[in-house]
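So the sequence shown is residues 1245 to 2167, counted in our numbering. No residue lacks a Cβ here, since even glycine has one placed at the ideal position from N, Cα and C. Written out below as structure tokens is the structure these notes cover.
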Amino acid sequence: MSSPAGRYARFRADQQRPALAEFRGGYDFRLDTFQVRACEELEDGHGVLVAAPTGSGKTLVGEFAVHLALERGLKCFYTTPIKALSNQKYADLVRRHGADRVGLLTGDNVVNGDASVVVMTTEVLRNMLYAGSGALVGLGFVVMDEVHYLADRFRGAVWEEVIIHLPESVSVVSLSATVSNAEEFGDWLSEVRGDTVTVVEERRPVPLFQHVMVGRRLLDLFADADRSGAVRVNPELERVARDDLRAGRVQRSRGARPGRGSYARPGARSGTRSWTPSRVEVVDRLDRAGLLPAIVFVFSRAGCAAAVEQVLAARLNLTTAQESAQIRAHVDNRCARLPDADLQTLGYGEFVEGLARGVACHHAGMLPTFKEVVEELFTCGLVKVVFATETLALGINMPARSVVIERLSKWNGETHADITPGEYTQLTGRAGRRGIDVEGHGVVLWQPGLDPKAVGGLASTRTYPLRSSFRPSYNMAVNLVRQVGRAPARAMLEQSFAQFQTDRAVVGLARQLSRAEEALAGYAESASCDRGDFLDYAGLRRALSEREAQLAKRQRHDDREVVVESLEQLRPGDVIWVPSGRWAGPAVVVDPGSRSDRDGPRPLVLTTERQARRLSMIDFPTPVEATTRMRVPKAFDSRNPQQRRDLASSLRHAVSALPADSLQPRQRRRRGPARGTVDDDERLRDLRARSRAHPCHVCPRRDDHARWAERWTRLDRDTANLRRSIEQRTNTIARQYDRVCDVLDRLGYLSDDEVTPAGARLARIYAELDLLAAECLREGVWEGLSPAELAGALSGLVYETRTPDEAEHPRLPRGRVRDVVAQTTSLWARLERLEHEHGLSTLHRPDFGFCWAAWRWADRAALDDVLYETELAAGDFVRWVKQIVDLADQVADAAGDGPLRRTARETVAGLRRGVVAYTSVSA
């Protein structure tokens, strides 16, 4: 109970701010100090930036903006970065204010779009601003939830576009995760939006305790603070690490590989299970400790699915009979509108079985509906454990009592990289449910070689700086020129957060350059040799190494060609040996694949374990050769379990009859240049001769000089980069905008200060490859296509393969589409050359890896067939189809009256069916 003085102070404050008093009355808990301050500033007419940890309640400030708008008879737009968040926030606001006052606008849903409060994705608001939509009349507040998304390199520019272009009369409420440069971001907001108050809250509403799970023991990461108040790593963990290190030395002496990553100790063991808990042990231990519900982050989709299977196979059951019945009823209700055939294809039975026992996975490859069901059941406490990829850490509100991180490194598309302190904070930030848990728990699983001190540093670092990803696009340029003219648009772009940060950074870069130049002079002096110019000699040695690497790369290319040739020679019935990977061992070729694929055929094979899989050249480091042949029935169907079983049995019989030494792949003679190519290279011989003849080559201190020369070379390269950075960062955004406009001038989309009719069409296309789409429209590339063919053609402008190998050999339907693919690629090559002439590189090569799937789905193929033929995950499939739908809508809007507009509308209708059409939000 508060004191009389405290109650009186509250009474006086409520009298001064009646809107906030009324808003507070709608909650049965007391607002935190940072929430009150932000709301007071908002009621006083200021814009606000609120940076606070996940789960701290910063969205309450956004809800106060909604309250103010309704009280004052104004509109409020509530923007979110993803559709799932928009749907979630729409449901929250409908419960609070009623369906008649709240609307929703996303690419999938239009619900009550003229309402006083409209929830939308940020792109929808950006498009409204460029179109001069009448819905902007009466707009008083815009809430930008998860505004730190402006750092996203693909979509981040949209946030800056909105902030810069909103009318001055609109108050902006920016809600961000805790970032280390919130004050800098607030300074920029004040510069472009007027008076903006930055409110930073570092304290978590629920304390977070960090642990490491060693076997079945849950050890604290940190010990109690010492007398000085310093926090130190738990000595018991350091003892475990020392034991692990000693064991690692023994393993290393036996040829084991060391641990991987910055959080592993050098020399630590790998390859033997010691104190690394299994996934089943993790779930069981957390359950017994009362630490469920938990999110377990596993940085792979396959790993998430495997984790659920492992828990189910161990017969763990985390739900009561009543909870299981509730779960089944909820899932059946949510999925009732999905076709039964599609549910069967998507493994609905296994999905429900896992949920009923309290376990699920969550990743981007899942059907959106399935993900939503997992989120709903976890949030209400029925599902106890979710194995998820890191995408769950972004966006949707799904807190847990505990968060488990399986490994401290993840695949970033190119290599395994350590997670950053910012990523660690985001992941563990979901631990601890406000109003439910008195504390949250972050758990790292012990891995061989784990360094507790490095983990402690990771957990205690709070550096997550916000960095702008803003860059002018072609669509942005024509829209700005159309609205305000070319010169005013240039001045407007100079207000971007990117330029704001760049201007501040140049001062620091100049200081770095001065120090680097001093160090360069010192390195050059240390590398000096009394026999000659050692830096010149080092340049020769560097050129020699680069030439050797170049020739080795050429040899690998030749070897690759030999493998492709061997794949082209395969025929149905050939028995081959797959040398490594999941499918290692004997296999029979069922379908040799098409020779038209860019990287050679992808033969469909069946293994002795009855697994049917398409292979490619990456599965064969050396040429493949048939060891024998066997009969494959002409009508063989790889999807039929009985036929796979029979053929696998015949394969095992055929293999058993072969001599043992014939099973292993035989070495085949290389085609093309002989091994002596490297030694016979004239340039290489010249470099070797010049380096041997150089006077420094025989210097007795050559190795010592070389070390200093190597340091000089690295620093010289860095210094050159610094100089370029300083030159380029002056008016960077404006200069890039000028180049974009020059390209548009050359192509006839702009004429001085005017937007041409072609430019007006470009202004309606918001795809990443906006200019390529506009060129395809202008050149008539898509004219005369059927709706299904247009779907395939448009896919190349939105799709991006997950692996480079997929992009190299797309499967294409026969007929017009192949010509359109060639025309589109040719147009892109022309645009790429034009961009290069103007110092730009914004348009990536169109990717037709989804073309076959888009064409088949638009041609009314069954979901089962499309997913089987393309090996796509259901969630990926739905996401890419929806992006094609968005682009087809834009094409229809930009095409004008004519056959193409009708075709594009039919394409949308053909794609928007089944699992793609289903939405959990209804009007």
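Helix or strand or just coil, what does DSSP make of residue i?
i        : result
Gly-1503 : Only weak support is given to the placement of Gly-1503: the predicted model assigns it a pLDDT of 49, under 50, and the value that follows is read from those uncertain coordinates. Looking at Gly-1503 - three-state DSSP - the assignment turns out to be coil, as it is neither helix nor strand.
Glu-1390 : coil
Ile-1326 : coil
Val-1899 : helix
Ala-1765 : helix
Ser-2070 : helix
Ser-1434 : helix
Ala-2148 : helix
Arg-2123 : helix
Cys-1283 : helix
Arg-1858 : strand
Val-1362 : strand
Cys-1605 : strand
Arg-1846 : coil
Arg-1274 : coil
Using a threshold of 8 Å, state whether the C-beta atoms of residue i and residue j are closer than that.
i        : j        : result
Leu-2071 : Arg-2062 : no
Arg-1854 : Arg-1826 : no
Val-1999 : Ala-2007 : yes
Arg-1341 : Leu-1314 : The residue you asked about is not Arg; residue 1341 is His in the sequence shown. Yes. Within cutoff.
Pro-1643 : Arg-1674 : yes
Arg-1804 : Met-1861 : yes
Gly-1593 : Val-1552 : no
Val-1688 : Leu-1652 : yes
Gly-1384 : Arg-1437 : no
Thr-1976 : Gln-1756 : no
Ala-1558 : Val-1526 : no
Val-2125 : Pro-1612 : no
Asp-1488 : Pro-1692 : yes
Ala-2177 : Asp-1962 : Nothing can be reported for residue 2177: it is not among the residues displayed for the chain, which extend from 1245 to 2167.
Asp-2097 : Ser-1713 : A small correction: the amino acid at residue 2097 is Ala; Asp does not occupy that position in the sequence shown. No, the Cβ-Cβ distance between Ala-2097 and Ser-1713 is not below 8 Å.
Val-1243 : Leu-1994 : Past the edges of the chain, shown from 1245 to 2167, lies residue 1243, and the structure says nothing about it.
Leu-1636 : Val-1603 : no
Give me the Cβ distance between residue i and residue j, rounded to the nearest whole Å; I'm assuming they're in contact under 8 Å.
i        : j        : result
Thr-1852 : Gly-1829 : 6 Å
Glu-1404 : Ser-1740 : 5 Å
Pro-2170 : Ser-1300 : Absent from the structure is residue 2170, since the part of the chain shown begins at 1245 and ends at 2167.
Val-1984 : Ala-1721 : 5 Å
Val-1292 : Thr-1440 : 7 Å
Gly-1686 : Thr-1672 : 4 Å
Ala-1632 : His-1606 : 4 Å
Asp-2130 : Gly-1351 : 5 Å
Ala-2132 : Thr-2151 : 5 Å
Ala-1263 : Leu-1304 : In fact, because the Cβ distance is near 14 Å, the residues do not count as touching under 8 Å.
Excluding sequence positions up to five away, which residues of its chain have a Cβ less than 7 Å from the Cβ of residue i?
i        : result
Val-1280 : none
Gly-1306 : Tyr-1322, Val-1387, Asp-1389, Val-1417 and Leu-1419
Ala-2138 : Arg-2005, Arg-2008, Ile-2009 and Leu-2021
Asp-1586 : Leu-2107, Gly-2158 and Val-2159
Thr-1187 : No information on residue 1187 is available, as it lies outside the stretch 1245 to 2167 that the chain covers here.
Ser-1894 : Met-1874
Can you name the residues that DSSP bridges to residue i?
i        : result
Thr-1851 : Ala-1831
Leu-1452 : Gly-1684
Ile-1820 : Ala-1831
Met-1457 : Leu-1462 and Leu-1689
Glu-1998 : Ser-1995
Thr-1705 : Thr-1705 pairs with nothing; no bridge assigned.
Cys-1773 : Gly-1776
Ser-1415 : Phe-1385
Phe-1541 : Ala-1632 and Ile-1649
Val-1444 : Ala-1295
Leu-1349 : Val-1354 and Met-1364
Excluding sequence positions up to five away, which residues of its chain have a Cβ less than 6 Å from the Cβ of residue i?
i        : result
Val-1444 : Ala-1295 and Ala-1426
Asn-1356 : Gly-1347
Val-1414 : Leu-1383 and Val-1386
Determine whether the Cβ of residue i lies closer than 8 Å to any Cβ atom of chain D.
i        : result
Arg-1532 : The structure shown contains no chain D; it holds only a single protein chain.
So, at 8 Å on beta carbons, what are the nonlocal neighbours of residue i in its own chain, with the 5 sequence-adjacent residues on each side left out?
i        : result
Val-1868 : Val-1807, Ser-1810, Leu-1811, Leu-1814, Ile-1820, Trp-1821 and Pro-1909
Arg-1775 : Pro-1939, Cys-1940, Val-1942 and Cys-1943
Ala-1918 : At Ala-1918, the pLDDT of 43 sits below 50, so the modelled position is not reliable and the matter cannot be decided from this model.
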